[in-house]
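Going line by line, the protein sequences match chains A and B. Note that numbering that gives the first Met the number 0 has the first sequence beginning at 0, numbered continuously upward. Note that numbering that gives the first Met the number 0 has the second sequence beginning at 0, numbered continuously upward. In this text, a Cβ means the ideal position worked out from N, Cα and C, and glycines have one as well.
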Amino acid sequence: MTANILIFCAAGMLVTAYLMVGQKALFTTIRLYGVQSLLLGIVATTIAIAESRPELFVTAALTVTLKAILIPWFLMRTVDRIGIHREIEPFLSVPASLLVCLGLTVVGYRVSTGFQEGARGVGHHLIGVALSLLLIGLFLMVTRKKAITQILALLTVENAVFLVALGVTSGMPLIVELGISFDVILAVLVLGVLVRRIVGRFESMDVSRLSKLKG
Amino acid sequence: MMPFDSANALPVTLAFRLGVIALTLALSGRSRAARRVAFVGSAMASVVTGLMAADVLRAGAGVDGVLLLHQASGLALVYAVDGLSAWFLIVLSVLAVPIAVYNLGYVAHPHLSGRSVFLGVTFNVLVGAVETVFAAGDVITFLCAWELMTLATAALVVTEHEERASRRAAYLYLVMSHLGTGCLIAGFLALASASEALTFSTLLSHAPTDGSMRNVLFALFFVGFGVKAGIVPLHVWLPEAHPAAPTSISAFMSGVLIKTGIYGLVRVCAFGLGVPLLSWGVLVVVVGGLSALLGVLYALMQHDLKRLLAYHSIENIGIILLGLGAGMIGLTYGRSDVATLGVSASLYHVLNHAVFKGLLFLGAGGVVMATGTRQIERLGGLLHRMPWTGLCFLIGALAISGLPPLNGFASEWLTFQAFLFGFRGSTEPLVHLLFPIGGALLALTTALAAACFVKAFGISFLALPRSRAAAEAHESPAVMLAPQVCLAALCLGLGVFPGFVLGTLNPVVASLPGFPPPADIAGGSMAMVSGLESFDRVVPAMFGVALMGGAVVALLLTARRGATARRVPTWGCGGELTARTEYTATAFTKPLMLIFAALYRPSRQVEALTEVSPYFTREVRYRSEIEPTFERHVYEPLVRAVLRVAGGMKVLQAGSLHAYLGYVIAMVVTLVLFVWWTS
Numbered sequence: 000m001t002a003n004i005l006i007f008c009a010a011g012m013l014v015t016a017y018l019m020v021g022q023k024a025l026f027t028t029i030r031l032y033g034v035q036s037l038l039l040g041i042v043a044t045t046i047a048i049a050e051s052r053p054e055l056f057v058t059a060a061l062t063v064t065l066k067a068i069l070i071p072w073f074l075m076r077t078v079d080r081i082g083i084h085r086e087i088e089p090f091l092s093v094p095a096s097l098l099v100c101l102g103l104t105v106v107g108y109r110v111s112t113g114f115q116e117g118a119r120g121v122g123h124h125l126i127g128v129a130l131s132l133l134l135i136g137l138f139l140m141v142t143r144k145k146a147i148t149q150i151l152a153l154l155t156v157e158n159a160v161f162l163v164a165l166g167v168t169s170g171m172p173l174i175v176e177l178g179i180s181f182d183v184i185l186a187v188l189v190l191g192v193l194v195r196r197i198v199g200r201f202e203s204m205d206v207s208r209l210s211k212l213k214g
Numbered sequence: 000m001m002p003f004d005s006a007n008a009l010p011v012t013l014a015f016r017l018g019v020i021a022l023t024l025a026l027s028g029r030s031r032a033a034r035r036v037a038f039v040g041s042a043m044a045s046v047v048t049g050l051m052a053a054d055v056l057r058a059g060a061g062v063d064g065v066l067l068l069h070q071a072s073g074l075a076l077v078y079a080v081d082g083l084s085a086w087f088l089i090v091l092s093v094l095a096v097p098i099a100v101y102n103l104g105y106v107a108h109p110h111l112s113g114r115s116v117f118l119g120v121t122f123n124v125l126v127g128a129v130e131t132v133f134a135a136g137d138v139i140t141f142l143c144a145w146e147l148m149t150l151a152t153a154a155l156v157v158t159e160h161e162e163r164a165s166r167r168a169a170y171l172y173l174v175m176s177h178l179g180t181g182c183l184i185a186g187f188l189a190l191a192s193a194s195e196a197l198t199f200s201t202l203l204s205h206a207p208t209d210g211s212m213r214n215v216l217f218a219l220f221f222v223g224f225g226v227k228a229g230i231v232p233l234h235v236w237l238p239e240a241h242p243a244a245p246t247s248i249s250a251f252m253s254g255v256l257i258k259t260g261i262y263g264l265v266r267v268c269a270f271g272l273g274v275p276l277l278s279w280g281v282l283v284v285v286v287g288g289l290s291a292l293l294g295v296l297y298a299l300m301q302h303d304l305k306r307l308l309a310y311h312s313i314e315n316i317g318i319i320l321l322g323l324g325a326g327m328i329g330l331t332y333g334r335s336d337v338a339t340l341g342v343s344a345s346l347y348h349v350l351n352h353a354v355f356k357g358l359l360f361l362g363a364g365g366v367v368m369a370t371g372t373r374q375i376e377r378l379g380g381l382l383h384r385m386p387w388t389g390l391c392f393l394i395g396a397l398a399i400s401g402l403p404p405l406n407g408f409a410s411e412w413l414t415f416q417a418f419l420f421g422f423r424g425s426t427e428p429l430v431h432l433l434f435p436i437g438g439a440l441l442a443l444t445t446a447l448a449a450a451c452f453v454k455a456f457g458i459s460f461l462a463l464p465r466s467r468a469a470a471e472a473h474e475s476p477a478v479m480l481a482p483q484v485c486l487a488a489l490c491l492g493l494g495v496f497p498g499f500v501l502g503t504l505n506p507v508v509a510s511l512p513g514f515p516p517p518a519d520i521a522g523g524s525m526a527m528v529s530g531l532e533s534f535d536r537v538v539p540a541m542f543g544v545a546l547m548g549g550a551v552v553a554l555l556l557t558a559r560r561g562a563t564a565r566r567v568p569t570w571g572c573g574g575e576l577t578a579r580t581e582y583t584a585t586a587f588t589k590p591l592m593l594i595f596a597a598l599y600r601p602s603r604q605v606e607a608l609t610e611v612s613p614y615f616t617r618e619v620r621y622r623s624e625i626e627p628t629f630e631r632h633v634y635e636p637l638v639r640a641v642l643r644v645a646g647g648m649k650v651l652q653a654g655s656l657h658a659y660l661g662y663v664i665a666m667v668v669t670l671v672l673f674v675w676w677t678s
């Protein structure tokens with residue numbers, strides 16, 4: 000039962016990542032990120048119950064409140080306020096992106112067998128999904144132009160790192176989790192401010208326009 | 000003898016220098032006090048270093064020890080002063096003490112006194128770094144000191160950082176130096192891979208004894224040290240950097256700094272990598288001959304006093320290399336007497352060049368301070384206004400021209416001996432061809448140097464002043480004259496007592512790998528014996544007496560005839576004699592420019608400005624320049640090529656965030672795939 004839930008949730012996370020790649024509406028992408036974080040919270044809770052490690056409940060609670068509720072809310076508010084148009088304009092077309100992500104998933108899964116825990120069983124899926132997620136997150140960062148989408152990509156990478164930690168070691172120490180959560184909040188806040196500044200200056204969040212600052 | 004502990008002298012003087020630097024910085028509000036502390040302290044430290052080096056040479060036993068020990072890593076910076084180090088340390092001290100004293104007066108000039116603290120501190124850093132370069136016992140110490148020396152020099156070159164030319168000179172110097180340092184690091188790394196310790200002795204004893212690796216190492220070290228020495232064609236930084244620095248610093252750069260290159264060439268390049276190959280010696284002789292000849296030829300065309308002296312540094316480095324090359328070739332065919340002679344001459348010339356070039360630069364510094372110009376075309380008649388500077392400059396000029404009984408003669412004569420008689424015993428036709436050509440080149444160089452200094456001295460110090468500044472010049476203060484008088488006396492002393500110097504040099508040369516125990520080429524303290532089938536014994540003092548004898552006889556003859564000198568104005572063909580009718584430096588060197596037109600490729604522009612009719616010119620403008628061959632035909636294409644490659648690579652650094660992120664992900668995926676592939 001535990002294994003099924005874990006695999007289901009991990010697969011769900013991968014699916015949300017794919018949907019993020021294919022999605023063009025900004026709000027939906029933010030919601031997808033929320034769903035992804037929620038699934039991550041479920042993974043953490045499941046492991047906490049299965050291995051009876053109460054401190055993982057705190058982690059799960061943090062994940063859900065912070066990443067599934069607070070951050071998406073904050074990001075949506077930011078998008079609302081600056082009132083930019085809400086289409087995502089990727090560098091690469093959606094089909095091509097999906098194909099590349101497919102390749103990245105293969106690489107991620109293949110590499111996961113290199114871990115001792117990843118050779119078989121549930122761990123294999125968790126780590127495989129996590130590594131694929133990581134690579135997809137990086138890929139999203141490269142191909143997206145808007146600052147908000149880049150924040151989302153960064154957060155996806157962060158989720159992936161979290162999932163690797165859960166898969167390999169059944170969770171990091173609480174203090175590390177707290178530190179990372181704090182980091183994420185700060186990163187989102189800073190980037191949120193940055194987005195506003197960029198929009199204020201350039202009337203767009205297109206990061207590729209930043210190269211005009213080059214001397 | 001005085002109780003002097005030479006074993007710890009080096010760390011103590013370096014610590015003392017640090018104290019001097021700290022005190023100078025603390026006195027930064029009071030430039031006069033800062034100057035005194037910095038330069039008196041520097042002179043004292045240099046005296047102690049010199050005594051230590053002399054002690055090493057006298058006792059015949061080296062000193063070594065640890066400068067700094069890092070307990071955790073076991074990294075130790077060690078120093079080891081053997082004969083060769085001691086000799087170069089003596090050269091350093093002989094020049095550093097007068098320069099420090101000179102600086103007391105020179106830096107006090109209103110033009111520079113605002114930078115007293117900067118100059119005081121950086122000068123101390125520079126001298127300390129050069130001391131460490133000469134005394135370094137391991138590669139790490141050596142390279143650290145080498146870099147510190149380079150940076151301190153670059154800082155001193157931009158003392159007048161408002162001038163664009165200074166900044167450009169420092170940039171060029173840094174670029175060239177780092178090219179050299181890169182070669183050195185590559186060479187030392189290659190050596191270190193075969194050795195278990197980084198001390199010079201261990202490192203060099205593990206050097207490969209055959210194979211192409213040896214040639215590669217030689218080439219790396221030759222370029223690395225050659226840049227610093229200023230050999231042709233790596234000399235381009237030298238004529239830019241020397242004039243840009245304050246003149247006392249130019250004296251130090253020319254006298255000592257470029258000798259660090261020679262030190263490295265002798266220690267590592269020439270004799271450190273086993274018995275030198277014939278091709279190495281030939282290369283050194285060819286490069287030395289080219290440096291000597293081209294250095295003096297370009298010097299002839301310079302009318303900027305400091306640039307002229309800078310080009311003469313290239314010439315003298317060439318002469319030093321000629322001696323060294325003869326020594327290396329001598330070793331290859333087993334003529335150890337030729338080898339000893341060549342290397343002795345080379346090391347002797349290192350000292351001589353430091354003394355007379357230091358003297359000339361200090362004199363030039365006085366002239367520049369007094370007149371505010373370095374262009375000799377604007378000088379003239381300074382001998383009446385600056386008699387002591389003039390006299391000292393004259394002695395330096397005679398010494399650099401190789402006239403007996405001054406010191407330039409002694410070392411150049413020994414180099415001649417090596418070239419004229421050294422090739423017997425070799426079966427290589429190349430050597431039989433090369434040695435006489437080398438000797439001829441040396442002779443030509445010396446003669447041209449004499450011509451050049453006739454110009455430099457004659458135009459600057461004789462006849463009528465060509466500008467108001469020259470007419471209103473005043474003699475330098477005593478604190479600037481005393482070091483010049485001392486150096487002039489040394490020029491004479493080192494020339495009259497060559498035997499003494501050679502006797503001191505004997506253990507130095509004998510301590511080099513592959514050399515026999517001391518051979519006697521001294522022949523008493525006043526004579527030189529080359530030991531080859533030649534004039535067997537030369538006493539420069541006698542030459543001097545013979546030359547002066549002519550003057551004495553002339554004086555006696557005139558006195559006996561009872562003729563009294565009549566003072567009359569110079570006959571001016573009926574016209575009025577003014578400064579404008581004088582011989583100019585350009586005119587003086589014009590015949591040589593025409594003779595060597597193939598090298599100089601001179602171009603000239605004559606422009607006549609007329610007012611009413613073309614037959615009545617109001618003003619004629621004449622401009623003549625020579626082609627900077629190396630800059631135009633070697634370095635400019637090189638720089639263009641580098642810039643083109645850099646421009647191509649700039650595509651990678653596009654300034655686009657996405658591109659950079661793309662590099663990151665590409666790198667990550669590549670690494671992941673690599674791990675996959677190998678596991």
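How big is the Cα-Cα spacing for Leu173/A and Leu188/A?
-> 23 Å
For the candidate residues Asp209/B, Gly647/B, Pro238/B, Gly271/B, whose alpha-carbon lies nearest to that of Ala687/B?
-> This structure does not reach residue 687/B, given that chain B is present from 0 up to 678, and the question cannot be answered.
Comparing alpha-carbon positions, which option in Gly113/B, Leu22/B, Leu17/B, Leu491/B lies nearest Phe392/B?
-> Leu491/B
C-beta neighbour in chain A for Val671/B, strict 8 Å | yes
Compare the Cα-Cα distances from Phe595/B to each of Val295/B, Tyr78/B, Asn102/B, Arg31/B and report the closest residue.
-> Val295/B
Hey, how far is the Cα of Asn505/B from the Cα of Arg29/B?
-> 47 Å
Three-state secondary structure (DSSP) of Met12/A = helix
Keeping to the same chain, check which residues put their C-beta closer than 8 Å to that of Leu461/B; ignore five residues upstream and five downstream.
-> Gly379, Gly380, Leu382
Minimum C-alpha distance to Leu197/B - residue among Val226/B, Asp209/B, Thr140/B | Thr140/B
What's the gap between the Cα of Thr149/B and the Cα of Phe415/B?
-> 34 Å
Sufficient close CB pairs (3 or more, under 8 Å) joining the region 409 to 427 of chain B to the region 547 to 560 of chain B = no
Tell me, which residues are paired with Lys145/A by DSSP?
-> Asp205/A
Given that Leu660/B touches chain A, what residues does it touch there, using C-beta distances under 8 Å?
-> Leu137, Met140, Val141
Using a beta-carbon distance below 8 Å, is Val667/B in contact with chain A?
-> yes
Determine the DSSP secondary structure at Ala250/B, reduced to helix, strand or coil.
-> helix
Closest by C-alpha distance to Leu66/B, when choosing among Asp137/B, Gly73/B, Val77/B, Arg167/B = Val77/B
Taking Glu314/B and Ala448/B to be in contact with their CB atoms under 8 Å, please state how far apart those CB atoms are, rounded to whole angstroms.
-> 6 Å
Chain-ordered chain B contacts of Leu134/A [CB-CB under 9 Å] | Ile664, Val667, Val668, Val671
Of all the alpha helix (DSSP H) runs that stay within the bounds of the region 145 to 212 of chain B, which reach a length of 4 or more residues?
-> 163 to 191, 199 to 204
With burial defined as no fewer than 16 other Cβ atoms inside 10 Å of the residue's Cβ, what is the status of Tyr32/A: buried or exposed?
-> buried
Pairing CB atoms from the region 38 to 49 of chain B with CB atoms from the region 58 to 74 of chain B, are three or more of them under 8 Å?
-> no
Are there 16 or more other CB atoms within 10 angstroms of the CB of Trp675/B, so buried, or fewer, so exposed?
-> exposed
Start and end residues, beta strand (DSSP E) containing Tyr662/B = Where Tyr662/B is concerned, there is no enclosing beta strand (DSSP E), although the alpha helix (DSSP H) it sits in stretches over 656 to 677.
Compare the C-beta of Trp676/B against all C-beta atoms of chain A and say whether one is closer than 8 Å.
-> no
Since Tyr679/B sits in a beta bridge, which residues does DSSP pair it with?
-> A question about residue 679/B goes unanswered here, because the residues of chain B that appear run from 0 up to 678.
Please decide whether Leu98/A counts as near chain B, where near means a Cβ-Cβ distance under 8 Å.
-> no
8 Å Cβ shell around Val194/A - same chain, five flanking residues per side excluded = Thr77, Ile81, Ala146, Ile147, Ile150, Met204
Note the first and the last residue of the continuous alpha helix (DSSP H) segment covering Arg57/B.
-> 30 to 58
Whole-Å CB distance - Leu486/B paired with Leu358/B, under 8 Å assumed | 4 Å
Just the Cα atoms here: how many angstroms apart are Met0/B and Leu493/B?
-> Bear in mind that the predicted position of Met0/B carries a pLDDT of just 41, short of 50, making it unreliable; the figure below should be weighed with that in mind. Those two C-alpha atoms are separated by around 23 Å.
Going by Cα to Cα distance, which pick from Ala95/B, Gly407/B, Ala52/B is closest to Ala84/B?
-> Ala is not the amino acid found at residue 84/B; the sequence shown has Ser there. Minimum Cα distance to Ser84/B is reached at Ala52/B.
What is the DSSP secondary structure of Phe7/A, counted as helix, strand or coil?
-> helix
So, helix, strand or coil for Met527/B, using DSSP?
-> strand
Report the partner residues of His69/B according to the DSSP bridge assignment.
-> Leu74/B
Rounded C-beta distance between Val90/B and Leu350/B? I'm assuming under 8 Å.
-> 5 Å
Establish whether the CB of Arg200/A and some CB of chain B are separated by less than 8 Å.
-> no
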